[in-house]
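Numbering (the numbering used here), first residue to last: 392 to 968.
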Amino acid sequence: MRKRLIRLLAITSAIALFSGGCKEQERSATAESPPPSAATGSTIKFVEITEEVGLDFVHETGASGMYYMPESMASGGAFLDFDRDGDLDLYLINGHKSLPDTGPVSAPVNRLYRREANGSYIDVTRESGLGDGGYGMGVAIGDIDNDGYDDVYVTNYGLDRLYRNRGDGTFEDVTESAGIHVDFWSCSAAFVDYDRDGFLDLYVTRYVEYDPNNTCLDGAGRADYCTPMGRPPVPDVLLHNNADGTFNDVSERSGIAGVSAAGLGVVCDDFSGDGWQDIYVANDKYANHLWINQHDGTFRDRALLTGTAYNREGIAEAGMGIVADDLNNDLRIDLFVTHFRNETNTLYRNLGDRIGFGDVTATSGFGSTSIAFTGFGTDAVDAELDGDLDLIVGNGAVVRGKVDPKSDAPPLLAPYAEPNLFYVNDGSGRFQLISLGAGTFTGRVEVSRGLPTGDIDNDGDRDFLVCNMQGPARLYRNDTPDQGHWLGVRAIDPRLNRDAIGARVMIEFGGRQLAATIRSAGGYLSARDPRVQFGLGAADKIDRIIVRWPDGAQERFDTAHIDRYVTLNRGAGRDTP
């Protein structure tokens, strides 16, 4: 108790020094009445099309009743356009036949699926060279050499791998030639140009030093998966892109390696508003990190000062997946983090310049609705194209619970299966849990992990993939009746010949402003479609688009187009302050 009081005093003092008026704003938020906890009869409609499109991936953990910890954490997946044909392909991360052995085997392996013109998916793993046989965890997508083609980084329990896209439908394992040696237990990863030199660097979260001989028991004395607190955490890794095909490990020099905290989720954005990319890490049972870029290759952790290290009670939660988006349309980047059962998924509202963040979980609709579940994969999507972002969460326990009679998981995993959640935004950043009925995304009861999103049919709304532990990956198409127009944006810097990862896009229309960041990393162990989509509601035109490029320069673009994707090329707009 004394330690908790000391921590609370430290947090209170730090936030007061950093923000001044932060407490008054939090008191105002607390006075609001929470929204209803659940609703039915929504117009939201997600249709599973897994079998229809030929997706036959089934994840393998090697689970045999020995309860090896890595089994409980995997796995993720990615949307990418590896062949540059304009539609989204799929890459699914697989586990292993058995643990603790993690050496290469013929099967199972990660799988690459190419989307065909008719909307179906074809397994092209063998010819592509992407059939990594390690014990897979997650994946990051980014163009490391600026040749216009997506490259692939795979995080493993064991050695990670980097695959360079040759541009002909095949990939080359360049891990050794690139100078990369990241081992132990990696989880999520994110490509980010942290030094603004035009080449994508790489941040990799790492978990704990796991000992397969370490066994754990649940409250009834039965074998169960261990928690991270039983093993030493491993520091994360920051790799600098040398622009010649190689990377240097700058974890020590940058300050990233100065602390170890069982990292799981990671997302990059300009949280400080200075034009440089920062890094937020969700840690499992340790304080989260907000690494603020110091512009000289180093970072300082400002999570405590900004109110993003702990929850409102000053407690470190089991951070899994992350959303970094403007969830109440005030042009500020908020943070949403998924957590362990008996905690809540936590919403950190961005309170403005030099103020920091406030935990508004209870007044935003997440308190009682998420406390019974263990959240992993997550993302923000505008399901109805009405101009505000909704939230999607994939659930699955890591400690044994009561078996749900509707469980779709295999018998060994049935005590860990949970339904997934979808929250509709009321337009002000307060959320309502929606029940979609049996047979849909929230109707299935499985052990879900990664949950990447992407617009597979290019109709303006985001579809999504659910990566299930020891089960089938499920692809859901968003068939929600549109309640508005939309605009999709892809930003390209022709000098770099790639997506402008880290660019901030703002649109102005009908007296409103919306903003989003171009990124592929986020959620949990997964990579999303980097294009940004804006729901416009009833608005039938765009007044202007402003892009702040990753190096801080800004351009204004005028467009008369709506209900389509536009590509904004740097240099084609007008400079703006």
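Beta carbons: idealized from backbone N, C-alpha and C, even for Gly.
Note that the coordinates shown come from a computational prediction; the quantities given were computed from them, not determined experimentally.
Close-in-space but distant-in-sequence residues of the same chain around residue i (CB under 6 Å, 5 per side omitted)
| i | result |
| --- | --- |
| Pro619 | Val599, Ala653, Asp675 and Lys676 |
| Arg965 | Arg947 |
| Val815 | Asp781, Gln823 and Ile825 |
| Thr566 | Arg552 and Leu553 |
| Arg853 | Val772, Thr844 and Asp846 |
| Gly712 | Gly656, Thr729, Phe767, Gly768, Thr769, Gly914 and Tyr915 |
| Ile571 | Leu553 and Phe638 |
| Arg865 | Glu439, Thr441 and Val857 |
| Arg939 | Arg895 and Gln945 |
| Arg922 | Gly879 and Arg881 |
| Ala634 | Phe590 |
Boundaries of the beta strand (DSSP E) in which residue i is found, first to last residue
| i | result |
| --- | --- |
| Ser511 | No beta strand (DSSP E) contains Ser511, which DSSP labels as neither H nor E. |
| Ala771 | Gly766 to Val772 |
| Ala755 | Position check: residue 755 holds Ser in this sequence, whereas Ala was assumed. Looking at the DSSP string, Ser755 is not in any beta strand (DSSP E); the run it does join, the alpha helix (DSSP H), is Thr752 to Ser755. |
| Thr908 | Arg903 to Thr908 |
| Ser651 | It is not in any beta strand (DSSP E) - Ser651 carries neither H nor E in the DSSP assignment. |
| Arg922 | Here Arg922 belongs to no beta strand (DSSP E), and DSSP marks it neither H nor E. |
| Trp682 | His680 to Asn684 |
| Met986 | Lying before the first or after the last residue shown, residue 986 is absent from the chain, which here runs from 392 to 968. |
| Gly969 | It is not possible to answer for residue 969, since the shown part of the chain is limited to 392 through 968. |
| Arg597 | Asp592 to Arg597 |
| Tyr672 | Reading off the sequence shown, one finds Val at residue 672, where the question assumed Tyr. Taken as a continuous stretch (DSSP letters only), the beta strand (DSSP E) holding Val672 covers Asp669 to Asn674. |
| Tyr814 | Leu812 to Asn816 |
| Arg939 | Arg935 to Arg939 |
Cβ shell of residue i (< 7 Å), same chain only, five flanking positions each side left out
| i | result |
| --- | --- |
| Asn684 | Tyr585, Trp667, Gln668, Asp669 and Phe690 |
| Phe748 | Thr697, Gly698, Thr699, Leu726, Tyr739, Arg740, Asn741 and Leu742 |
| Ala763 | Arg732 |
| Asp934 | Glu899 and Phe900 |
| Ser798 | Ala805, Ala808 and Val836 |
Span of the alpha helix (DSSP H), counted from its first residue to its last, around residue i
| i | result |
| --- | --- |
| Ala694 | Ala694 to Thr697 |
| Ser759 | Gly758 to Ser761 |
Beta-carbon contacts of residue i that lie in its chain and below 8 Å, excluding the five residues immediately before and after
| i | result |
| --- | --- |
| Gly664 | Asp744 |
| Asn537 | Gly589, Phe590, Leu887, Asn888 and Arg889 |
| Val515 | Leu503, Tyr504, Arg505 and Gly560 |
| Asp474 | Asp480, Arg505 and Gly560 |
Best match in the options for proximity to residue i [C-alpha to C-alpha]
| i | options | result |
| --- | --- | --- |
| Ser463 | Ser455, Leu550 and Ile933 | Ser455 |
| Gln970 | Ile933, Asp954, Asp884 and Ser911 | An answer regarding residue 970 cannot be provided, because it is not within the stretch 392 to 968 covered by the chain. |
| Asp717 | Val650, His876 and Gln904 | Gln904 |
| Gly974 | Thr516, Cys578, Ala707 and Glu507 | One cannot answer for residue 974 here, as it falls past the ends of the chain, which runs 392 to 968. |
| Tyr458 | Asp627, Cys607, Leu695 and Leu776 | Cys607 |
| Gln861 | Glu443, Gly445 and His450 | His450 |
| Leu483 | Arg475, Met460 and Ile532 | Ile532 |
| Ser577 | Gly612, Pro624 and Gly453 | Pro624 |
| Gly792 | Ser568, Gly610 and Tyr512 | Gly610 |
| Asp949 | Pro941, Ala963, Asp942 and Gly943 | Ala963 |
| Val714 | Thr908, Asp931, Thr760 and Arg517 | Thr908 |
Three-way DSSP call (helix, strand, coil) for residue i in this model
| i | result |
| --- | --- |
| Glu643 | helix |
| Leu878 | strand |
| Ala805 | helix |
| Pro619 | helix |
| Arg613 | coil |
| Val957 | strand |
| Glu946 | strand |
| Val794 | coil |
| Ser839 | strand |
| His952 | coil |
| Ala564 | The question names Ala, but residue 564 is Asp in the sequence shown. DSSP places Asp564 in strand when its eight states are reduced to three. |
| Asp602 | coil |
| Val438 | strand |
| Asp744 | coil |
| Leu776 | coil |
| Gly834 | coil |
Distance cut-off 7 Å: residue i Cβ against heavy atoms of the ligand MG
| i | result |
| --- | --- |
| Glu643 | No copy of the ligand MG occurs in the structure displayed, which carries no ligand at all. |
Any beta strand (DSSP E) of 3 or more consecutive residues that is wholly inside the segment 514-562: 526-533, 542-548 and 552-556
Going along the chain, which unbroken runs of the beta strand (DSSP E) with 3 or more residues stay wholly within the segment 458-486? 468-471 and 480-483
At which residue ranges does the segment 702-742 contain complete beta strand (DSSP E) runs of 3 or more residues, listed in the order of the chain? Within the segment 702-742, the complete beta strand (DSSP E) runs of at least 3 residues are 713-716, 725-728 and 737-741.
If we require 3 or more residues per run, which beta strand (DSSP E) segments fall completely within the segment 566-590? 577-583
Could I get the ranges of all uninterrupted alpha helix (DSSP H) runs contained in the segment 844-880, with 4 residues as the minimum, in chain order? none
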